[in-house]
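Enquirer: Under the working numbering, think of the first position of the sequence shown as 45, with each following residue one higher. Even glycine gets a Cβ: it sits at the ideal position worked out from N, Cα and C. Quick one: this structure, given as structure tokens, is what I'll be asking you about.
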Amino acid sequence: MTIRQFKKEDEGSFLHCVKDGWNERGVYDAVDYCLIDPYWYVDNVLYNPDYIVLVALDVTGDVVGYMVGRKTLDIMKIVMLFVLPEYRRQGIGKALKVMLAKFAGDIGCEKIVAYNRFDNDISLKLNQNLGWSIKPIGDDHYRTELILRKGTL
């Protein structure tokens, strides 16, 4: 498994992975309209310098998971994390989050934040295992954050 920043040659495989995620649940578990249309990524994210897109590639070079982050001032916000079902429970989500933390620290971010639903047990457990703080917001979501300290990644 290879985890790296998105490259132009990943576009077709990336969009296939995004479509597979959409088909799995009918709609993405997110409020962002952009996550419903895979081609929104091409127009607004993949080549936009405000976003960092990391991909997980299998041995054939196909995208099997991805993470999208957006830097605003000194905060990196996780917009999306997705791993194809047949590749889950192999540490890919963890590897993507660890790489994003390193990248965010390298570009001067002081923390990473993400918002999740309370029923997203997999994400909650992953964030707890990585040392993220968990704060309930509203009736059905929580905010997780990781404070980045130089020299700790």
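1) Between the C-alpha atoms of Y186 and I96, what's the straight-line distance to the nearest angstrom?
2) Taking three-plus beta-carbon pairs below 8 Å as touching, is the region 96-110 in contact with the region 162-171?
3) Go to Q49, then tell me how far its beta strand (DSSP E) extends in each direction, as first and last residue.
4) Under three-state DSSP, which class holds V103?
5) Closest to E55 by CA distance: which of N173, P180, L90, I119 is it?
6) Bridge partners for P129 per DSSP, in chain order?
7) Please tell me whether L190 and K155 are closer than 8 Å, where the distance is taken between their beta carbons.
8) Starting from L190, trace the beta strand (DSSP E) both ways and give me its first and last residue.
Expert: Well, looking at it:
1) 23 Å
2) No: the two stretches stay apart, fewer than three of their Cβ pairs being nearer than 8 Å.
3) 46-49
4) coil
5) E55 has its Cα closest to that of L90, out of N173, P180, L90, I119.
6) According to DSSP, which records beta bridges pairwise, P129 is partnered with nothing at all.
7) yes
8) 185-191
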